[in-house]
Amino acid sequence: MHFFIYALAFATGLAQLGTVAFLLAGPVRRYTFVLAYSLAQLITSLLEFVVVRRFGEISRQYKIMFWSDEIALDLLLFLILMLLTYRAMEGSPARRGMGRMLGAVTIAVMGLPFLLFKGTFVKMEWFDHTSQLLNFGAAILNLGLWTALLRSGRRDKTLLTVSAGFGIIATGAAVSFGLRLLVRGHGAELYAVSQVFVAAQLVGAMILCWAFRPWSGEYGAVRRGRPLVLGTFVL
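For what it's worth, this note's numbering labels the leading residue of the sequence shown as 15, then goes sequentially.
Pasting the structure below:
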């Protein structure tokens, strides 16, 4: 069972590496936020792997590392989707009002965990609740982003695909962390919940990688037949 989760995590890392490679050879300026998110996921995953190998999966050191990374990534994803939603309303008369609403939502989402949940930065339940809240907020923002993109009349397939990838990541995390609150101990149920989380991360990473594939013709920076070179990797 552990092997299956590790295999999913390894595949996720490959998809994230592919996303980074495709972006560096293509629309990196336009999608810097995707590059930053993918790099952050890669770096934190490597750090978590090192901590697990040294201290073990149930050690306090790993729990601190995992939850610190997760909250930081959740917050980054939330802010990215908020920015994309605001950008998608460019030219709309409702954009100013949407900007105020997004600002208020951001303040509320960042403040609610400290007001509603006990054991700030101490109890695992606080991290569960906080991550669930951030991912739920990100999923709602993603629906708003899709609505804004479809209403704008602009059919940016790459951005729609990116939105779909982020949406699966956020929704999968929100569902899995919600289920964790119902599952106690370290039994089969907890491992099943972990598989939901890792599987959602994998699917989301694969969609992001697919969005920037150089053979799609969606962006002109990468020509068909041109090799991508990143360090010692040739794709």
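Ideal Cβ placement from N, Cα and C applies to all residues, glycine included.
- DSSP on arginine 194, reduced to helix/strand/coil? Locating residue 194 in the sequence shown gives position 180, where the first residue counts as 1. It is helical.
- Query: Is proline 127 helix, strand or coil by DSSP?
  - Reply: On the sequence shown, residue 127 is found 113 positions in, with the first residue counted as 1. Helix, per DSSP.
- Beta carbon of valine 212 nearer than 8 Å to that of isoleucine 85: Taking the sequence shown and counting its residues from 1, the one referred to as residue 212 is at position 198. Taking the sequence shown and counting its residues from 1, the one referred to as residue 85 is at position 71. Cβ atoms of valine 212 and isoleucine 85: not closer than 8 Å.
- Message: Can you look up arginine 67 in the DSSP assignment and give me helix, strand or coil?
- Response: Your numbering for residue 67 matches position 53 in the sequence shown. If DSSP states are grouped into helix, strand and coil, arginine 67 belongs with the helices.
- Query: Can you name, in chain order, every residue of its own chain whose Cβ lies under 7 Å from the Cβ of glycine 133, other than the five neighbours on each side?
  - Reply: The residue you call residue 133 lines up with position 119 of the sequence shown. Excluding sequence neighbours, glycine 133 sits near Glu139 and Trp140.
- Indicate the three-state DSSP secondary structure (helix, strand or coil) for glycine 182 in the structure shown. As a working mapping, residue 182 is identified with position 168 in the sequence shown. Position check: residue 182 holds isoleucine in this sequence, whereas glycine was assumed. Reduced to three states, the DSSP call for isoleucine 182 is helix.
- With distances taken between CB atoms, is the gap from leucine 37 to phenylalanine 226 smaller than 8 Å? Along the sequence shown, read from residue 1 onward, the residue named residue 37 stands at position 23. Along the sequence shown, read from residue 1 onward, the residue named residue 226 stands at position 212. In this structure, phenylalanine 226 lies closer than 8 Å to leucine 37 by Cβ.
- Can the beta-carbon of threonine 99 be found closer than 8 Å to that of leucine 159? Along the sequence shown, one-based indexing puts residue 99 at 85. Along the sequence shown, one-based indexing puts residue 159 at 145. A contact, by the Cβ cut-off of 8 Å.
- Task: From the DSSP output, in three-state form, read off aspartate 170 for me.
- Result: Numbered from 1 along the sequence shown, position 156 holds the residue referred to as residue 170. DSSP, read as helix, strand or coil, puts aspartate 170 in coil.
- Query: So, using beta-carbon positions, are arginine 109 and methionine 103 closer together than 8 Å?
  - Reply: By 1-based counting over the sequence shown, the position of residue 109 is 95. By 1-based counting over the sequence shown, the position of residue 103 is 89. Their beta carbons are under 8 Å apart, which means arginine 109 touches methionine 103 by this criterion.
- Message: Between the segment 59-78 and the segment 123-132, can you find at least three pairs of beta-carbon atoms closer than 8 Å?
- Response: Output reads no: the segment 59-78 does not touch the segment 123-132.
- Within this structure, are the beta carbons of alanine 29 and leucine 216 separated by less than 8 Å? As a working mapping, residue 29 is identified with position 15 in the sequence shown. As a working mapping, residue 216 is identified with position 202 in the sequence shown. Closer than 8 Å, so yes.
- Out of Ser59, Val123 and Thr46, point me to the one whose CA is closest to threonine 26's CA. The sequence position of residue 26 within the sequence shown is 12, counting from 1. Cα-wise, what sits closest to threonine 26 is Ser59.
- Message: Let me check understanding here. Comparing Cα to Cα, which of Ser208, Leu222, Ala152 and Glu203 lies closest to leucine 93?
- Response: Here the question's residue 93 lines up with position 79 in the sequence shown. Selected option, being the one with the closest Cα: Ala152.
- Query: How long is the line joining the alpha carbons of leucine 53 and valine 197, rounded to whole angstroms?
  - Reply: Taking the first residue of the sequence shown as position 1, residue 53 is located at position 39. Taking the first residue of the sequence shown as position 1, residue 197 is located at position 183. Roughly 31 Å separates the two Cα atoms.
- Query: Exposed or buried, which one is phenylalanine 150 when buried takes at least 16 other CB atoms within 10 Å?
  - Reply: Indexing the sequence shown from 1 puts residue 150 at position 136. It counts as buried.
- Query: How would you label glutamine 75, buried or exposed, when you count the other beta carbons within 10 angstroms and need 16 or more for buried?
  - Reply: The residue given as residue 75 occupies position 61 in the sequence shown. It is exposed - the Cβ of glutamine 75 has fewer than 16 other Cβ atoms within 10 Å.
- Helix, strand or coil for alanine 213 per DSSP? In the sequence shown, the residue the question calls residue 213 occupies position 199. In the three-state DSSP reduction, alanine 213 falls in the helix class (H, G or I).
- Quick one: measure Cβ to Cβ for alanine 33 and alanine 184, integer angstroms, because I've assumed they're closer than 8 Å. As a first step, residue 33 must be located in the sequence shown, where it is residue number 19. As a first step, residue 184 must be located in the sequence shown, where it is residue number 170. Sequence check: residue 33 is threonine here, not alanine. Actually they are not in contact, since the Cβ atoms of threonine 33 and alanine 184 sit about 17 Å apart, beyond 8 Å.
- CB contact flag (glycine 186, valine 207, <8 Å): Translated into the one-based positions of the sequence shown, residue 186 becomes position 172. Translated into the one-based positions of the sequence shown, residue 207 becomes position 193. No, Cβ-Cβ distance for glycine 186 and valine 207 is not below 8 Å.
- Item | Endpoints, the alpha helix (DSSP H) within which methionine 96 is located | Locating residue 96 in the sequence shown gives position 82, counting from the first residue. Taken as a continuous stretch (DSSP letters only), the alpha helix (DSSP H) holding methionine 96 covers 74-102.
- Message: Which of the three DSSP states is assigned to tyrosine 20 in this structure?
- Response: The residue given as residue 20 occupies position 6 in the sequence shown. Three-state DSSP puts tyrosine 20 in a helix.
- Item | Beta-carbon proximity check, leucine 163 vs aspartate 88, cutoff 8 Å | Locating residue 163 in the sequence shown gives position 149, counting from the first residue. Locating residue 88 in the sequence shown gives position 74, counting from the first residue. No, these two residues do not count as a Cβ contact at 8 Å.
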